[in-house]
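Taking our numbering, the leading residue of the first sequence gets 1071, the next gets one more, and so forth. One structure is given here, and the rest of the page talks about it.
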Amino acid sequence: MERKTRVRFAPSPTGPLHMGGVRTALYNYLYAKQHGGDFIIRIEDTDSRRFVPGAEKYIIEALDWCGIKADEGIDEEGNVVEKPSPRHPHAPYRQSQRKEIYRKYAEELVGKGAAYYAFDTPEELEEARKDSESAGNTFIYNRETRGKLRNSLTLDKSECDLLLKTRNDWTVRFMMPENAIVEMDDLVRGHMEVNTDTLDDKVLWKRADELPTYHLANIVDDHLMEITEVIRGEEWLPSLPLHYLLYKAFGWEGTMPHFAHLPLLLKPDGKGKLSKRDGDRLGFPVFPLKWTNSEGDVSRGYREDGYFPEAFVNMLAMLGWNPGDDRELFTIDELVDVFSLDRVVKSGARFNPEKAKWYNKEYLRKKSDEELAELLIPVLESHGMQIVDCPVCAITAGAEFTVNGADFKNHIYTREYVTGIIKITRDRAVFVKDFWDIASYLFVSPEEFGEYGIKAGESTAKAENTNDPRRKVYDDSKTAPFPAKDVEKFWKPENYMPVSKCAGFIDGFDGGLMQDFPGEALEDFIRGNGWPMGKVMNCLRMALAGTASGLGIADIITSIGKKEVGRRIDYIYSRLGR
RNA sequence: GGUGGGUUCGUAUAACGGUUAGUACUCAAGAUUUUCAUUCUUGCAAUAUGAGUUCGAUUCUCGUACCCACUACCA
């Protein structure tokens, strides 16, 4: 009988969700949607000691940001479902709330002779491990050692029953069969075999907290929740034989899910899998969202770094999978159509932060000027700018000069002005926040750069953690508005004399509101006078933008308008003299 | 150490057993531009290694090397 596709993502709330975890969730989601099935989220919190407050919420919020929505397990408000309902028939979806279920199944296994009670304390096992190690061996709890340890196999029944009643630190262990070959099939790796003699008797259930370990809980829940495919990280491959054996022991082989083990995400450099430290060290996020741990350490997130969720998801999807052709750009809905497990690669994928940026740039370019303006407005506001909807609104807000929708004195700008700025700068940005670094001088006059803490032509990143966006942070002589390097290079009589003539030319330009100042006219004017084009233009740019490199002169003039052009040129003369 | 998995340009990856081993990112050079960036063009750069099977191997088999995971009363 054909079963409805049902897959699950089963994170453990022991910390923030790593980007590798997001990819696992994504592949599960894509697979489910493609097969018209359900995507279930289940919280695997069977390790009470490693529980981290807030981690569960974080995981759900992170998936939500990525556009990965659960069909089952999480309600509309983003909470883990605790009571069964038609939409969430298998509640609770938090394993710590399903305690009784696992105990029953653990006992069933003991009854069937597939598992046994073990009374060794963690200390005793530690001791045994040490002894073994000093003898040059590795201790494993298996058919060779279980006969010498204290468990329901070696103790007689009455003693065993007494121990079960009086002690609360025993466990249930799986009894690994002897010298049997387990044959397994993996959707990405194909056929595999392993001999049970190399495996150990894993703990399935702990009396101490009356909770199962991962292995038992996982198999029981996947069975009860009618999971058809288990798509998880490669780190689980070694326990696959145990899971196969568990299904067999329960007699559930007929409905055992298919397994797919995904390749790991590796460090951009060096060896090993991607870790939180790599992000700090190499300067990129490893988490989807920002996370602050109990010690107050902050880990950056893709969201806070300015990545679009579509770009993040697209980038993640292509790490370990490809469509089989040269296409690289896919929305999550397009991925649903083209994704397939048999195109998942087997080897670990080394993460490349540069490619992540490239994806963001591509998605930024797909957005309209209006959309980007909308996203940029909060950034501008954080820098002390006020954005209004129309010129009339600007006047109402107290603007004194709205010819181009821009008041450089009171920092009031119309939405249309912002959209115009996007139009001329959009090809230069990777992130929305880049627009400020690229075009801050289209909002703040060079004379005020110092006060605003902007070093011309450089990122404002250094100044991030201060509340007042207008504080002064640069006091040295290289500080904006005019970088020493540019002044030295371009502020020479043969350049600035022509610049003042250009000011006159621009002022006299008969273009009304200067909706579209013709750069060619200015060029002709400069050429006509026999001045050196490059030098004069750079000098002019320094006057207008506070830096000799950046946007096109005509774009700057068109944006700020001729009155502001005049003011800025007057200002540079007053500052640098002649 | 043991067990399992993996190995194509620096990175991500493509290639019914037959291709000049392709594409993207990065990098370099050139063109365009008033600067910078963008854009365009070009370029650099790979089948870990040794056998075997085959007319023919990146592709199949075995060995070697290297990498990774697991080896908890963690997931």
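Glycine is no exception: its CB is placed at the ideal position from the N, C-alpha and C atoms.
For N1265 and I1251, believed in contact at Cβ under 8 Å, the rounded distance: Counted from its first residue, the first sequence places residue 1251 at position 181. Counted from its first residue, the first sequence places residue 1265 at position 195. Right, their Cβ atoms sit about 6 Å apart.
Looking only at C-alpha atoms, which of R1645, E1470, G1148 and T1116 sits nearest to F1552? Within the first sequence, residue 1552 is the residue found at index 482, counting from 1. For the set R1645, E1470, G1148 and T1116, the Cα lying nearest the Cα of F1552 is the one of R1645.
Cβ pair G1148, D1134 closer than 8 Å: For this step, residue 1148 is matched to residue 78 along the first sequence. For this step, residue 1134 is matched to residue 64 along the first sequence. Using a Cβ distance threshold of 8 Å, G1148 and D1134 count as a contacting pair.
Below 8 Å on the Cβ atoms is my guess for L1332 versus G1390; work out the distance and round it to an integer in Å. Translated into the one-based positions of the first sequence, residue 1332 becomes position 262. Translated into the one-based positions of the first sequence, residue 1390 becomes position 320. Yes, they are in contact, since the Cβ atoms of L1332 and G1390 sit about 6 Å apart, within 8 Å.
Can you tell me whether DSSP reads K1346 as helix, strand or coil? Position 276 of the first sequence, counting from 1, holds the residue named residue 1346. Reduced to three states, the DSSP call for K1346 is helix.
Can at least three beta-carbon pairs, one atom from the stretch 1284-1301 and one from the stretch 1193-1204, be found at a separation below 8 Å? Taking a cut-off of 8 Å on C-beta distances, the stretch 1284-1301 does not touch the stretch 1193-1204, as fewer than three cross pairs fall below it.
Beta-carbon proximity check, D1403 vs F1329, cutoff 8 Å: As a first step, residue 1403 is located in the first sequence; it is residue number 333 there, counting from the start. As a first step, residue 1329 is located in the first sequence; it is residue number 259 there, counting from the start. F1329 sits away from D1403, with the two beta carbons spaced by 8 Å or more.
Look up A1531 in the DSSP assignment and say whether it is helix, strand or coil. Here residue 1531 refers to the residue found at position 461 of the first sequence. Any reading at A1531 is ruled out, since the residue's pLDDT is 41, under 50, leaving its predicted position unreliable.
Quick test of the definition: if touching needs 3 or more C-beta pairs under 8 Å, does the stretch 1097-1104 touch the stretch 1304-1316? Taking 8 Å as the limit for Cβ pairs, the verdict is that the stretch 1304-1316 does not touch the stretch 1097-1104.
Rounded to whole angstroms, what is the Cα-Cα separation between R1648 and Y1128? Counted from its first residue, the first sequence places residue 1648 at position 578. Counted from its first residue, the first sequence places residue 1128 at position 58. Computed Cα separation, rounded: 59 Å.
Identity of the residue in I1626, N1422, L1386 and D1412 nearest T1401 by Cα: In the first sequence, the residue the question calls residue 1401 occupies position 331. Among I1626, N1422, L1386 and D1412, the Cα nearest to that of T1401 belongs to L1386.
Taking only the alpha-carbon atoms, compute the straight-line gap between G1475 and Y1377 and give it to the nearest angstrom. As a working mapping, residue 1475 is identified with position 405 in the first sequence. As a working mapping, residue 1377 is identified with position 307 in the first sequence. Whole-angstrom Cα-Cα distance: 29 Å.
Report the rounded CA-to-CA distance for V1651 versus E1558, giving the unit in angstroms. Because the chain spans 1071 through 1648 in this model, residue 1651 falls outside it and cannot be assessed.
Determine which residues share a DSSP beta bridge with H1088 and list them. Position 18 of the first sequence, counted from the first residue, corresponds to residue 1088. Paired residue(s): none; H1088 is not in a bridge.
Which residues does DSSP list as the beta-bridge partners of K1276? Here the question's residue 1276 lines up with position 206 in the first sequence. Note: K1276 sits in a beta bridge opposite T1241 and L1281.
Span of the alpha helix (DSSP H) holding N1430? Locating residue 1430 in the first sequence gives position 360, where the first residue counts as 1. In the DSSP assignment, N1430 falls within the alpha helix (DSSP H) that extends over P1423 to K1436.
Boundaries of the beta strand (DSSP E) in which D1108 is found, first to last residue: Locating residue 1108 in the first sequence gives position 38, where the first residue counts as 1. Annotation: the continuous beta strand (DSSP E) that includes D1108 extends over D1108 to I1111.
I'd like the span of the beta strand (DSSP E) that includes E1440, first residue to last. Counting from one through the first sequence, the residue named residue 1440 turns up at place 370. Segment D1439 to S1452 is the alpha helix (DSSP H) holding E1440; no beta strand (DSSP E) there.
Rounded to whole angstroms, what's the CA-CA distance from L1434 to K1503? Just pull it up for me. The residue given as residue 1434 occupies position 364 in the first sequence. The residue given as residue 1503 occupies position 433 in the first sequence. Within the model, the alpha-carbon separation for L1434 versus K1503 is close to 11 Å.
For the beta strand (DSSP E) that contains G1303, what are its first and last residues? As a working note, residue 1303 is residue 233 in the first sequence. From DSSP, the beta strand (DSSP E) with G1303 extends over E1299 to G1303.
Going by C-alpha distance, which of M1603, A1573 and K1427 is nearest K1633? Counting from one through the first sequence, the residue named residue 1633 turns up at place 563. Looking at M1603, A1573 and K1427, the one whose alpha-carbon comes closest to that of K1633 is A1573.
Am I right that T1094 and Q1165 are in contact with their C-beta atoms under 8 Å? What's the rounded C-beta distance? Working through the first sequence from its first residue, we reach residue 1094 at position 24. Working through the first sequence from its first residue, we reach residue 1165 at position 95. The C-beta distance from T1094 to Q1165 rounds to 18 Å, too long to fall under 8 Å, and the pair is not in contact.
By how many angstroms is the C-alpha of T1268 removed from the C-alpha of G1418? Residue numbering aside, residue 1418 sits at position 348 when the first sequence is read from its first letter. Residue numbering aside, residue 1268 sits at position 198 when the first sequence is read from its first letter. So the alpha carbons of these two residues sit roughly 25 Å apart.
Are A1615 and Y1483 touching if we call contact CB-CB under 8 Å? Along the first sequence, read from residue 1 onward, the residue named residue 1615 stands at position 545. Along the first sequence, read from residue 1 onward, the residue named residue 1483 stands at position 413. No. Outside cutoff.
Report all residues from its chain with a CB closer than 6 Å to the CB of K1337; omit the five preceding and five following residues, and keep chain order. Counted from its first residue, the first sequence places residue 1337 at position 267. So the qualifying residues of the chain are L1344 and D1348.
Same chain, Cβ closer than 6 Å to I1492, five either side skipped, listed in chain order: In the first sequence, counting from the first residue as 1, residue 1492 sits at position 422. Same-chain partners within the cutoff: D1439, L1442 and A1443.
Could you check whether K1276 and H1661 sit closer than 8 Å to each other, using their CB atoms as the reference points? Missing from the structure shown is residue 1661; the chain here goes from 1071 to 1648 and no further.
Cross-strand partners of W1391 (DSSP beta bridge): For the purposes of this step, residue 1391 is identified with residue 321 of the first sequence, where counting begins at 1. Note: W1391 sits in a beta bridge opposite V1414.
If you follow the alpha helix (DSSP H) that A1613 is in, where does it begin and where does it stop? The sequence position of residue 1613 within the first sequence is 543, counting from 1. Note, A1613: alpha helix (DSSP H), M1603 to A1615.
Could you check whether F1209 and A1198 sit closer than 8 Å to each other, using their CB atoms as the reference points? To locate residue 1198, count along the first sequence from 1; it is residue 128. To locate residue 1209, count along the first sequence from 1; it is residue 139. With respect to the 8 Å criterion, A1198 and F1209 are classified as neighbours on the basis of their beta carbons.
Range of the contiguous alpha helix (DSSP H) that encloses F1575: What you label residue 1575 is simply residue 505 of the first sequence in a count that begins at 1. Residue range P1563 to G1578 is occupied by the alpha helix (DSSP H) that includes F1575.
8 Å Cβ cutoff met for F1575 and C1609: Position 505 of the first sequence, counting from 1, holds the residue named residue 1575. Position 539 of the first sequence, counting from 1, holds the residue named residue 1609. In this structure, C1609 does not lie closer than 8 Å to F1575 by Cβ.
Expressed to the nearest angstrom, what Euclidean distance is found between the alpha-carbon atoms of T1495 and Y1487? The sequence position of residue 1495 within the first sequence is 425, counting from 1. The sequence position of residue 1487 within the first sequence is 417, counting from 1. For T1495 and Y1487, the distance between alpha carbons rounds to 13 Å.
Give the DSSP-derived three-state secondary structure of I1251 in the structure shown. Mapped onto the first sequence, residue 1251 falls at position 181. Three-state DSSP puts I1251 in a strand.
Should N1384 be labelled buried (16 or more other beta-carbon atoms within 10 Å of its own) or exposed? Taking the first sequence and counting its residues from 1, one reaches residue 1384 at position 314. When all chains shown are included, N1384 counts as buried.
Among G1340, P1516, I1465 and F1409, which one has its Cα closest to the Cα of Y1097? Reading the first sequence from its first residue, position 27 is the one you call residue 1097. Comparing Cα-Cα distances from Y1097 to each of G1340, P1516, I1465 and F1409, the minimum goes to F1409.
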